[in-house]
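Visitor: Chains as they are written, first to last, in the working numbering: chain H, 140 to 691; chain C, 140 to 691.
Before I ask anything, let me first share the structure, which is written out below as structure tokens.
2 protein chains.
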Amino acid sequence: MADAPLRVIPLGGLGEIGRNMMALEQDGDIVVIDAGVLFPEEGMPGVDFAIPDISYLVERKSAVKAILITHGHEDHIGALPYVLPELDVPVYASRLAHGLISVKLRERGQLKNARLNIVEPNSPFKVGRFKVEFFRVCHSIPDAMGIAVETSLGLVVHTGDFKIDHTPADGKTTDFTALARFASEGVVLLCSDSTYAEIEGYTPSEQVVGEALDRAIGDAKGRVMVATFASLISRVQQVIDAAAKHGRHVTVIGRSMVNNVKMATRMGYLNDPGGIVVSLGKARQLPNERVVILATGAQGEPTSALVRISNGEHPDIEIVPGDTVVISASPIPGNDTLVAKTIDNLYRQQANVLYSKIALVHVHGHGSREELKMMLSLVKPKFFVPVHGEYRHLVAHAAIARATGVHESNAFVLEDGDVLELTEKRGKIVDKIPAGPVFVDGNRLWSSYSDVLDERRKLARDGIVVVSMTLDRKTGRLRGAPEVAATGFVDMQDSPELLERTAQEVRSTLDQYRSDRLDLDGAKAGVVKAVSKFLHDETGMRPKIVAHIGQV
Amino acid sequence: MADAPLRVIPLGGLGEIGRNMMALEQDGDIVVIDAGVLFPEEGMPGVDFAIPDISYLVERKSAVKAILITHGHEDHIGALPYVLPELDVPVYASRLAHGLISVKLRERGQLKNARLNIVEPNSPFKVGRFKVEFFRVCHSIPDAMGIAVETSLGLVVHTGDFKIDHTPADGKTTDFTALARFASEGVVLLCSDSTYAEIEGYTPSEQVVGEALDRAIGDAKGRVMVATFASLISRVQQVIDAAAKHGRHVTVIGRSMVNNVKMATRMGYLNDPGGIVVSLGKARQLPNERVVILATGAQGEPTSALVRISNGEHPDIEIVPGDTVVISASPIPGNDTLVAKTIDNLYRQQANVLYSKIALVHVHGHGSREELKMMLSLVKPKFFVPVHGEYRHLVAHAAIARATGVHESNAFVLEDGDVLELTEKRGKIVDKIPAGPVFVDGNRLWSSYSDVLDERRKLARDGIVVVSMTLDRKTGRLRGAPEVAATGFVDMQDSPELLERTAQEVRSTLDQYRSDRLDLDGAKAGVVKAVSKFLHDETGMRPKIVAHIGQV
Chain H
140 MADAPLRVIP LGGLGEIGRN MMALEQDGDI VVIDAGVLFP EEGMPGVDFA IPDISYLVER
200 KSAVKAILIT HGHEDHIGAL PYVLPELDVP VYASRLAHGL ISVKLRERGQ LKNARLNIVE
260 PNSPFKVGRF KVEFFRVCHS IPDAMGIAVE TSLGLVVHTG DFKIDHTPAD GKTTDFTALA
320 RFASEGVVLL CSDSTYAEIE GYTPSEQVVG EALDRAIGDA KGRVMVATFA SLISRVQQVI
380 DAAAKHGRHV TVIGRSMVNN VKMATRMGYL NDPGGIVVSL GKARQLPNER VVILATGAQG
440 EPTSALVRIS NGEHPDIEIV PGDTVVISAS PIPGNDTLVA KTIDNLYRQQ ANVLYSKIAL
500 VHVHGHGSRE ELKMMLSLVK PKFFVPVHGE YRHLVAHAAI ARATGVHESN AFVLEDGDVL
560 ELTEKRGKIV DKIPAGPVFV DGNRLWSSYS DVLDERRKLA RDGIVVVSMT LDRKTGRLRG
620 APEVAATGFV DMQDSPELLE RTAQEVRSTL DQYRSDRLDL DGAKAGVVKA VSKFLHDETG
680 MRPKIVAHIG QV
Chain C
140 MADAPLRVIP LGGLGEIGRN MMALEQDGDI VVIDAGVLFP EEGMPGVDFA IPDISYLVER
200 KSAVKAILIT HGHEDHIGAL PYVLPELDVP VYASRLAHGL ISVKLRERGQ LKNARLNIVE
260 PNSPFKVGRF KVEFFRVCHS IPDAMGIAVE TSLGLVVHTG DFKIDHTPAD GKTTDFTALA
320 RFASEGVVLL CSDSTYAEIE GYTPSEQVVG EALDRAIGDA KGRVMVATFA SLISRVQQVI
380 DAAAKHGRHV TVIGRSMVNN VKMATRMGYL NDPGGIVVSL GKARQLPNER VVILATGAQG
440 EPTSALVRIS NGEHPDIEIV PGDTVVISAS PIPGNDTLVA KTIDNLYRQQ ANVLYSKIAL
500 VHVHGHGSRE ELKMMLSLVK PKFFVPVHGE YRHLVAHAAI ARATGVHESN AFVLEDGDVL
560 ELTEKRGKIV DKIPAGPVFV DGNRLWSSYS DVLDERRKLA RDGIVVVSMT LDRKTGRLRG
620 APEVAATGFV DMQDSPELLE RTAQEVRSTL DQYRSDRLDL DGAKAGVVKA VSKFLHDETG
680 MRPKIVAHIG QV
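Here you go:
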């Protein structure tokens, strides 16, 4: 009998970056890789974040054998608190990712019921009908893993987020040996990180950044402040090392940075040779030229330490001339303006600022085109599915795969919800399941939220005007004056004449509806229409109009 | 007697890109350079655009002798319809800029009263006490000019937007001869374009783009669509030339592109050798491999031709497999996501897409660091004021000036509203005048609009809930049920239970305020507070609450 087909089902992260999740299904068994969140884009005002739609998995609960986690970034683990209550399955992760997941679940009282397992690289284990092996890759967080899943059709290799760095900060390189071994065993499918599939060449090594940080800290005459991602533990290590070398101490500010440095030190991911890291109180007693401040805020997050410092609003720290600020990160798309404003404000405070556009103080964690080719050449897959990327990145990566030997019809540009079925002979998209984002706003989940988001965008454009009035049920006459209040529109309290003429417009509209039996809905609609037209004629704007009519 | 000091007053474009405007003042005479708009940023929902605050100029109306325009881009001419009614002064501009200004003023019925003058380069003329000479620079629009203003302290040279291109598409290079002549006469002040002061090296020549477009059009098997800025006439010429060479016709879609191509052809800025440009109707009769479509939408503008095509929503044109789309522009900061989504959607429609990140199909119009050094070395100014740039660009440009020989204390990083006073000996910031943005929203101007924008941002985050009720003036009792309506919040009509419990919350709050003399404001505030807390507890969100209480 022929082998059962293998189904490859991206539930997030394909065609849109973030909330990464993928299911592999064969012969009634399912394994899931990652369970991430997507942080909101411009078009989603007020949304906290988006998670994958897991209804396909929930309908097949008993088939789901495990969730495998590639690494501890939010876009790979952030949905677990929402997924685990629905799917009571074991979670397998490397040691650091396990630590980060534990913190997240403990905060929500979910840790006790979770079935978390630590996985060592190159130590295969069984999950349902599948045999699974984690292998090391380089990325911008320690303990990042790729995953090989043995199926009856051959190996599926999923890279997770990766780059190829021969001199990473922690010395742990992408595991070429394992990849070559997989190739010799036969790889039926490669799923590979596409984030930088547009970028020519190689992503520079972390070593380059280490050297740049060393130079920046060595050259600085005064205090140095370094802002980076709280999860970028290797960068923190580079800062500690450079500080130690140049006779400085490091103090850490910003809640997430403080927590991560503590956790990483306790777990052995950070090495502090001889008490370089000190409290802020201790650092304040040192001369400026002996201090490095490590802070959050590299993405211009409005409540972060760096941004508050750049605005002169931080309770403990203010910029003094002679300070050097290093922004050791590049802006995530969408954050460019926030980061640029932060840099501008730091300059306004007379700091010297080093940032990725003018100095080599950051490299990112994803492989560029030559590294993607290298991965394809090492693994030699029969089928190829680019993962982690917006649509054009997937298209570019599929073209790379074809150029490196994957057969034209064996590279599939999928989107979330596409069900790809692979047999020994061929692959085919056989189904499309619901995989749209589920929004988390406040303490609720919303699978369909687009109407509310539409309304918010409209509100943001021209604001809202509320007209409220009371009518006499018998006579249909207005009782008292109509009340008009505007929010996000012209400040009508400052324009009494506009206010009065709007109220007059309401009165004369209502006059047309007066009768023995008031048509309440008609009157409401009439008021909305009349006020809307009047205000547009007056101001050129189109605020949303809400009319309330009470009757007594 | 010593010469009167020269005052340099940036009114826009310094510290924030766009709405460029600068005043030069000496001995009671003022000339103004440029009068541009700023298109809204993310934080300004609903605002159409921002213009400079010209109250300083309006208070000195009779001193203002002229407005000099460097080139015809909106960020240099867009404020004229608002400025000219306040300042009845002559406007001097090069021929193409004059044409664009005329169109703009005619649309608003302002052309008749305007005093517009065409200026030829290297033809000095008098404006009050100043002698003015325009000189050619290269930029992304034809007829771009720098301006030299002769003062009793020496020449002021203002570059406008510029780059140094030895092989521009129209053959008209930046006028080194004039710049060298100015240097020999003595330049007291250089104001130079800082937009790309962060970027190392030289901006590539337009020629490189011409070659890339030629290759793209020559290689394409099917139809080619090129999207670019409507004002980038030289790019349009390159497309026409490449089409002619490869036996194709060009058809133009998108209102602003159609208008600009007509105007530029009529004025002689576009050369159509032998009827290459044809109507859409004619182009539809040609085989795909003989057609180039020139379109707007290179910035992902939602209503543009390209974006509607990418969404499959254009009435006349749809993508067919084999189409090549060239996006000959790079995203302006803030538009990155819109452009990226457009590219993704074009790929989804099976087009082959070439864009600036993966192909050399665009160069921008501003000089990079080596060109800025070249300008400084040619002009040899005593004082230096970097213009056109966000704060960090100005800082970087001032550092370049110091590195090329401007004295440490003679390079001034100004911001809008700073009044720099120059004498033969030294420069000093002597005053700060109001120069914040004036917002244009609908048909009104708003000099202070931040409260309204704050409100809009809040509305966009969590929406608004309006609670409306009628009370009996005598008894303080509620007459009828409180009405609750939500916009941009949870769809409360779909949550009758939440609606009913909110109304119940209102009732029980009002009970606490019932008395002979109702404290109306207190009751309102009480309702707002109670509903706000209730909804936050229920949903985790914080919508704005508006309460209306009518009395009968």
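Ideal placement from N, C-alpha and C gives every residue a C-beta, glycine not left out.
This structure is a prediction, so every number in the text was calculated from the model and none was measured.
Check this for me: beta carbons of A283/C and F368/C, under 8 angstroms apart or not?
Guide: No, the Cβ-Cβ distance between A283/C and F368/C is not below 8 angstroms.
Visitor: CA-CA distance, D611/C and D660/C?
Guide: Cα-Cα distance, rounded: 15 angstroms.
Visitor: So, for A287/H: in the same chain, excluding its five sequence neighbours on each side, which residues have a beta-carbon less than 6 angstroms away from its beta-carbon?
Guide: So the list reads E272, L294, V296, F321, once near-sequence residues are dropped.
Visitor: Could you tell me the boundaries of the beta strand (DSSP E) in which L145/H lies?
Guide: 145-151 is the extent of the beta strand (DSSP E) around L145/H.
Visitor: Within the same chain, show all residues whose beta-carbon is closer than 8 angstroms to that of P441/H, passing over the 5 residues directly before and after it, in chain order.
Guide: L477.
Visitor: Which residues bound the alpha helix (DSSP H) around F321/H?
Guide: F321/H -> alpha helix (DSSP H) spans 315-324.
Visitor: Keeping to the same chain, check which residues put their C-beta closer than 8 angstroms to that of G340/H; ignore five residues upstream and five downstream.
Guide: The answer, listed in chain order, is S507, R508, E509.
Visitor: Output, in chain order, the set of chain H residues within a Cβ distance shorter than 7 angstroms of S124/C.
Guide: Nothing about residue 124/C can be read from this structure; chain C reaches only from 140 to 691.
Visitor: With distances taken from CA atoms, which of G407/C, F522/C, H501/C is nearest Q466/C?
Guide: It should be noted that the sequence gives Ile, not Gln, for residue 466/C. Checking every option, the nearest Cα to that of I466/C belongs to H501/C.
Visitor: Between R618/H and the rest of its own chain, which residues show a CB-CB distance below 7 angstroms, the 5 nearest in sequence each way excluded?
Guide: Answer for R618/H: T609, L610, D611, V691, listed in chain order.
Visitor: By how many angstroms is the C-alpha of M160/C removed from the C-alpha of K519/C?
Guide: Their backbone Cα atoms lie some 24 angstroms apart in a straight line.
Visitor: Which residues, in chain order, does the segment 569-590 of chain C contribute to contact with chain H at a C-beta distance below 7 angstroms?
Guide: Cβ contacts with chain H come from D580, G581, N582, R583, D590.
Visitor: Rounding to the nearest angstrom, what Cα-Cα distance links V430/C and Q377/C in this structure?
Guide: Roughly 15 angstroms between the two C-alpha positions.
Visitor: Can you tell me whether DSSP reads N256/C as helix, strand or coil?
Guide: Three-state DSSP puts N256/C in a strand.
Visitor: Could you pull out every unbroken beta strand (DSSP E) segment of at least 3 residues lying fully inside the segment 434-504 of chain C, listed in chain order?
Guide: Within the segment 434-504 of chain C, the complete beta strand (DSSP E) runs of at least 3 residues are 463-466, 491-494.
Visitor: Nearest chain H C-beta to G473/C closer than 8 angstroms, yes or no?
Guide: True, the Cβ-Cβ gap to chain H drops below 8 angstroms.
Visitor: If the cut is a Cβ gap below 7 angstroms, which residues of chain H does Y486/C touch?
Guide: Those within 7 angstroms of Y486/C in chain H are Y530, R531, V534.
Visitor: Determine the chain C residues that contact L598/H at a beta-carbon separation under 8 angstroms, and present them in chain order.
Guide: Those are R595, L598, A599, G602, I603, T626, G627, listed as they occur along chain C.
Visitor: Report the neighbours of T678/C on chain H: residues whose CB is nearer than 9 angstroms to its CB, in chain order.
Guide: Those within 9 angstroms of T678/C in chain H are D580, G581, N582, R583.
Visitor: Taking C-beta to C-beta, are A620/C and A642/C nearer than 8 angstroms?
Guide: Yes, the Cβ-Cβ distance between A620/C and A642/C is below 8 angstroms.
Visitor: Could you check the C-alpha separation between F551/H and N427/C for me, to the nearest Å?
Guide: For F551/H and N427/C, the distance between alpha carbons rounds to 28 angstroms.
Visitor: Would you call the segment 167-174 of chain H in contact with the segment 576-596 of chain H, where contact means no fewer than 3 C-beta pairs closer than 8 angstroms?
Guide: The segment 167-174 of chain H, when compared against the segment 576-596 of chain H, does not touch it at the 8 angstroms Cβ threshold.
Visitor: M402/H lies in the alpha helix (DSSP H); which residues open and close that run?
Guide: Taken as a continuous stretch (DSSP letters only), the alpha helix (DSSP H) holding M402/H covers 394-405.
Visitor: Within its chain, find whatever has a CB closer than 7 angstroms to the CB of S194/C; leave out the 5 residues flanking it on each side and keep chain order.
Guide: P573.
Visitor: Grab me the residues of A381/C's own chain with a C-beta within less than 6 angstroms of its C-beta, minus the 5 sequence neighbours each way, in chain order.
Guide: Only L352, D353, I356 meet the Cβ criterion.
Visitor: Does the count of Cβ pairs from the segment 306-325 of chain C and the segment 382-395 of chain C closer than 8 angstroms reach three?
Guide: Short answer: they don't touch.
Visitor: Would you be able to state if there are at least three C-beta pairs under 8 angstroms between the segment 246-261 of chain C and the segment 228-238 of chain C?
Guide: These segments touch.
Visitor: Among the candidates K672/C, E198/C, E594/C, D142/C, whose CA atom is the shortest distance from the CA of T290/C?
Guide: Looking at the Cα atoms, D142/C is the closest of the given residues.
Visitor: So is G151/H in contact with chain C if we call contact Cβ pairs under 8 angstroms?
Guide: Not an interface residue.
Visitor: Hey, out of G407/C, L433/C, V577/C, whose CA is closest to V416/C's CA?
Guide: Checking every option, the nearest Cα to that of V416/C belongs to L433/C.
Visitor: Starting from the N-terminal side, write out each stretch of the beta strand (DSSP E) that is 3 residues or longer and does not extend beyond the segment 216-257 of chain H.
Guide: For the segment 216-257 of chain H, whole beta strand (DSSP E) runs of length 3 or above, ordered along the chain, are 230-232, 255-257.
Visitor: Roughly how many angstroms separate the alpha carbons of V176/H and L515/C, rounded to a whole number?
Guide: So the alpha carbons of these two residues sit roughly 50 angstroms apart.
Visitor: Establish whether the CB of T476/C and some CB of chain H are separated by less than 8 angstroms.
Guide: Interface residue, yes.
Visitor: So, is the C-beta of M140/C closer than 8 angstroms to a C-beta in chain H?
Guide: Its pLDDT being 49, under 50, M140/C is placed unreliably by the model, and the measurement read from it follows with that caveat. False, the Cβ-Cβ gap to chain H never drops below 8 angstroms.
Visitor: State whether the segment 332-339 of chain H contacts the segment 298-311 of chain H, with contact taken as three or more CB pairs (one from each stretch) at a distance under 8 angstroms.
Guide: Yes, the segment 332-339 of chain H is in contact with the segment 298-311 of chain H.
Visitor: May I ask you to report which of helix, strand or coil DSSP gives P635/C?
Guide: P635/C: helix per DSSP, three-state reduction.
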